[in-house]
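Take a look at the structure below.
In my numbering, the protein residues as written are 277 to 628.
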């Protein structure tokens with residue numbers, strides 16, 4: 277979508293002007309991953325209009341392959357307006373104008389499978405499922421796999437059933453947006469989609485709001501299938517439940533290994549974009565085969581890069597710079613304080 281962000285805080289009714297930028301969970305992740313040095317393809321549909329031109333050009337400028345983006349001559353590019361504050365803040369407003377948009381016409385028939393199966397990871401968002409019945413059908417097809425077999429006794433977890441041949445790792449960010457759903461079925465749909473993914477990102481707050489479950493254990497019980505369950509705890513950091521065969525070997529309860537990593541302190545410039553940036557950092561480290569702790573730390577660093585600039589997207593730290601910070605011992609990591617400009621190689625990172 278094209279996003280319109282107010283030039284000053286306040287109610288949408290009171291804001292006199294807006295700045296145009298790009299928006300969309302998947303495209304945000306794609307841009308961040310491309311800027312971090314990965315080969316990335318963005319698959320979507322936009323209108324054959326000026327806003328569609330802007331999206332394709334802006335996202336392509338980050339190094340994202342946009343050749344799989346289809347232009348729809350009959351439907352417009354979606355847009356939305358939001359207030360300038362954090363999504364979790366009281367009084368936050370979002371207005372979506374996406375009904376009948378080009379993206380809402382995505383379906384199993386209009387999105388070629390070869391475009392989606394080309395990479396090692398396919399990143400999806402629950403937002404797409406809310407756009408139309410066709411979009412939901414596409415998401416169901418991409419996350420479909422046979423039901424998980426009952427766990428054997430005693431205490432050993434059953435391996436997830438095989439997915440379609442050639443299917444990449446499916447990464448799914450729940451991204452519960454109540455304003456997009458047309459009925460009360462949204463939370464149940466999101467849960468079903470998440471259970472078909474290999475890597476799932478979900479905020480503890482949105483899990484409670486959508487499914488009525490509180491705490492990492494309850495969220496893990498609600499999502500037994502994903503190999504990696506990433507539960508975001510806000511300022512408390514993130515905990516990852518690792519159910520890969522190597523992780524659960526010898527674990528009596530078979531529920532996997534939990535790793536909690538708290539984020540560094542951040543001097544926040546704008547409280548937006550952190551969730552998508554965290555996912556990009558985590559997936560970047562996953563593609564590099566790094567340990568789970570390091571994947572979470574890379575997620576925190578990418579989120580800090582987004583939080584210390586005015587917009588949703590920013591240039592991430594150079595890989596060597598991020599790797600040096602990720603390699604710090606627990607004491608040094610806990611003393612980090614990141615502020616504007618910290619991503620530059622020549623910038624000295626402060627400690628508390």
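Ideal Cβ positions, reconstructed from N, Cα and C, are used throughout, including at glycine. Please read all numbers here as calculations on a predicted model, not as lab measurements.
Cβ neighbour criterion (16 or more within 10 Å) applied to residue i
{"i": "residue 474", "result": "buried"}
{"i": "residue 606", "result": "exposed"}
{"i": "residue 551", "result": "buried"}
{"i": "residue 337", "result": "exposed"}
{"i": "residue 333", "result": "exposed"}
{"i": "residue 354", "result": "buried"}
{"i": "residue 567", "result": "exposed"}
{"i": "residue 592", "result": "buried"}
Residues bridged to residue i [DSSP beta-bridge criterion]
{"i": "residue 348", "result": "323"}
{"i": "residue 401", "result": "449"}
{"i": "residue 357", "result": "280 and 371"}
{"i": "residue 517", "result": "505 and 534"}
{"i": "residue 626", "result": "613"}
{"i": "residue 341", "result": "317"}
{"i": "residue 542", "result": "614"}
Member of the options whose CA lies at the smallest distance from the CA of residue i
{"i": "residue 541", "options": "576, 556 and 569", "result": "576"}
{"i": "residue 491", "options": "504, 466, 503 and 512", "result": "512"}
{"i": "residue 501", "options": "588, 470, 482 and 479", "result": "470"}
{"i": "residue 401", "options": "325, 414 and 394", "result": "414"}
{"i": "residue 315", "options": "596, 563 and 590", "result": "563"}
{"i": "residue 555", "options": "389, 464 and 508", "result": "508"}
{"i": "residue 558", "options": "479, 591, 409 and 578", "result": "578"}
{"i": "residue 330", "options": "298, 380, 358 and 356", "result": "298"}
Beta-carbon proximity of residue i to residue j, cut-off 8 Å
{"i": "residue 294", "j": "residue 305", "result": "no"}
{"i": "residue 396", "j": "residue 378", "result": "no"}
{"i": "residue 446", "j": "residue 404", "result": "no"}
{"i": "residue 341", "j": "residue 324", "result": "no"}
{"i": "residue 346", "j": "residue 317", "result": "no"}
{"i": "residue 626", "j": "residue 615", "result": "yes"}
{"i": "residue 312", "j": "residue 595", "result": "yes"}
{"i": "residue 572", "j": "residue 537", "result": "yes"}
{"i": "residue 598", "j": "residue 590", "result": "no"}
Below-8 Å beta-carbon distance, residue i vs any chain B residue
{"i": "residue 332", "result": "In summary, chain B is missing from the structure at hand, where a single protein chain is found."}
Quick check on the DSSP output: what are the complete alpha helix (DSSP H) runs of length 4 or more inside the region 447 to 509, in order along the chain?
Within the region 447 to 509, the complete alpha helix (DSSP H) runs of at least 4 residues are 462 to 471, 480 to 487 and 492 to 498.
Runs of 4 residues minimum, wholly inside the region 289 to 317: which ones carry the alpha helix (DSSP H) assignment?
301 to 311
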